[in-house]
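Engineer: In the working numbering, the protein residues as written are 777 to 1258. Each residue gets a CB set at the ideal place from its N, CA and C atoms; glycine is no exception.
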């Protein structure tokens, strides 16, 4: 085991004593991210204030052979920022400078600790905003969004973080500062930005991010539709997309999720609804008005028993308040819950939701469903009480079975929360060994020492050149494996 005390002394000399945490009681503050199901106390926490300081920390870790994990605001839901017990947690939350807002270029340059919503607040006076909007956008950081390729309610029309990052400054796992891309939309050469965004901290640490800004739409119309069944809400979703309408967002919540939101934020959704849809359209006034008429007609035809149209920004915010608070709100109706994140074809929504309901009933747990209906990104919340013997285990079983359903229907084990620690064991269910080996080659090219966020994403911990049951070098003749 590396000499952590010696490493702490070196980092205090580089950063300053107040930026290095070694007290065990203080370290417990960082023992988990938003997925509190897993907890690990790090050996040491570093709080850099600049890219140069991040590089100094990583260089020190590389020299000592100590693993490191990057963390932003700690809102992730897959255990991606779970610390390493014998490693350094690099917390970038104090790197919160917006370095440039350039409306003429439609770009912003920010440090990784900048809060997602702050980018929009800084860009709005210039007529722009930052489109990716995770539900945690009031507290999540851009660096974490980059690591997990976060999405949000409006990813249906505008895409995920990867669609909005044009440049990065990163600290590679050997401590070198490297620039990838810049302000240009499509730089030549290999898409290293595409490889880094969503790599969950396994390829290095982002220290500066250049993002695209989106012009504020001329018109925004928001509709809340209440349905007597999940099937009816799903049919409305399919009908809207089939009609050629691409809303900015289509979000769905079931009765249990609505109950939780009402208990938490009193959002005032229609009573008696088995499901609600929030449909938002944006763009030129004439286009939005024409499409809005289509959407209201299609919802009515699918069986909506109540339609509410936001008259102003206050009502629009109230519609979204229930949806944005849904994850935290579930704590009002259950002492414990598991947040799942999988993707299915949206046409399979009714069938998959029925099967989730059957799974929950057969295992004696409840499942609240909140999801991006437009692109089939499910967020089932499996409720349980850890104080009741066997409930946690049953909840884990149901959670895993939901992921298997997503794979069965041709979907994915994650849409926007990442693999992290929580879903690494499901990777072999979605990918074959050759796929996993190829991914490992990419990781080894960036991090031959296997120090950057080890134990995440891949199902079996291994060093570069190793794999269960064989050797990567033997499977890829002519390819240098470190």
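1) For residue 934 and residue 992, which I take to be in contact (beta-carbon distance under 8 Å), what is that distance rounded to the nearest angstrom?
2) Could you check where the alpha helix (DSSP H) with residue 1203 kicks off and where it finishes?
3) Hey, would you say residue 870 sits closer than 8 Å to residue 893, going by beta carbons?
4) Checking 8 Å against the spacing of the C-beta atoms, do residue 1033 and residue 1144 come in under that value?
5) Under 8 Å by Cβ, that's how I've got residue 983 and residue 947 pegged, so tell me the actual separation to the nearest angstrom.
6) What are the start and end residues of the alpha helix (DSSP H) that includes residue 1129?
7) Given this structure, state the Cα-to-Cα distance separating residue 1080 from residue 1196, to the nearest angstrom.
8) Should residue 786 go down as buried or exposed, given a rule of 16 or more other Cβ atoms within 10 Å for buried?
9) Look at the alpha carbon of residue 862 and the alpha carbon of residue 818, and state the distance between them as a whole number of angstroms.
10) The alpha helix (DSSP H) spanning residue 921 covers which residue range?
11) With a cut-off of 8 Å, do at least 3 Cβ pairs link the region 1105-1114 to the region 988-1002?
12) Name the DSSP bridge partner or partners of residue 883?
13) What residue from 1028, 1040, 969 and 1102 has the CA that sits closest to residue 1222's CA?
14) Taking only runs that begin and end inside the region 991-1036, name each unbroken beta strand (DSSP E) of 3 or more residues, in chain order.
15) Ignoring anything shorter than 4 residues or poking outside the region 781-820, list the alpha helix (DSSP H) runs there in chain order.
16) Can the beta-carbon of residue 1207 be found closer than 8 Å to that of residue 1120?
17) Whole beta strand (DSSP E) runs in the region 1036-1086 with 3 or more residues, listed along the chain?
18) Does residue 920 pass the burial test, meaning 16 or more other C-beta atoms within 10 Å, or should it be called exposed?
19) As a quick exercise: from 1104, 793 and 1224, pick the residue whose alpha carbon is nearest that of residue 1040.
20) Could I get the ranges of all uninterrupted alpha helix (DSSP H) runs contained in the region 820-852, with 4 residues as the minimum, in chain order?
21) Taking C-beta to C-beta, are residue 807 and residue 821 nearer than 8 Å?
Structural biologist: Reading it off the structure:
1) On the chain shown, position 158 is the one that residue 934 refers to. On the chain shown, position 216 is the one that residue 992 refers to. Not confirmed; about 13 Å, so no contact.
2) In the chain shown, counting from the first residue as 1, residue 1203 sits at position 427. 1203-1206 is the extent of the alpha helix (DSSP H) around residue 1203.
3) Here residue 870 is taken as the residue at index 94 of the chain shown, counted from 1. Here residue 893 is taken as the residue at index 117 of the chain shown, counted from 1. For residue 870 and residue 893, no; Cβs fall outside 8 Å.
4) On the chain shown, position 257 is the one that residue 1033 refers to. On the chain shown, position 368 is the one that residue 1144 refers to. In contact: residue 1033 and residue 1144 (Cβ atoms closer than 8 Å).
5) As a first step, residue 983 must be located in the chain shown, where it is residue number 207. As a first step, residue 947 must be located in the chain shown, where it is residue number 171. Yes, residue 983 and residue 947 are in contact; Cβ-Cβ is about 6 Å, under 8 Å.
6) In the chain shown, residue 1129 corresponds to position 353, counting from 1. 1125-1139 is the extent of the alpha helix (DSSP H) around residue 1129.
7) Taking the chain shown and counting its residues from 1, one reaches residue 1080 at position 304. Taking the chain shown and counting its residues from 1, one reaches residue 1196 at position 420. If you take the alpha carbons of residue 1080 and residue 1196, they lie about 39 Å apart.
8) Residue 786 sits at position 10 when you count from the first residue of the chain shown. The residue in question, residue 786, is buried, as its Cβ has 16 or more Cβ neighbours within 10 Å.
9) Within the chain shown, residue 862 is the residue found at index 86, counting from 1. Within the chain shown, residue 818 is the residue found at index 42, counting from 1. So the alpha carbons of these two residues sit roughly 6 Å apart.
10) As a first step, residue 921 is located in the chain shown; it is residue number 145 there, counting from the start. Residue 921 -> alpha helix (DSSP H) spans 918-924.
11) no
12) Residue mapping note: residue 883 aligns to position 107 of the chain shown, counting from 1. Residue 883 pairs with 878 and 988.
13) As a working note, residue 1222 is residue 446 in the chain shown. The candidate whose alpha carbon is nearest that of residue 1222 is 969.
14) 995-1003 and 1025-1030
15) 800-803
16) Against the chain shown, residue 1207 aligns to sequence position 431. Against the chain shown, residue 1120 aligns to sequence position 344. No, the pair does not count as a contact, with Cβ atoms beyond the cut-off.
17) 1051-1059 and 1082-1085
18) Translated into the one-based positions of the chain shown, residue 920 becomes position 144. Per the 10 Å Cβ criterion, buried.
19) As a working mapping, residue 1040 is identified with position 264 in the chain shown. Checked all of 1104, 793 and 1224; the closest Cα to residue 1040 is 1104.
20) 827-840
21) Here residue 807 refers to the residue found at position 31 when the chain shown is read from its first residue. Here residue 821 refers to the residue found at position 45 when the chain shown is read from its first residue. No, these two residues do not count as a Cβ contact at 8 Å.
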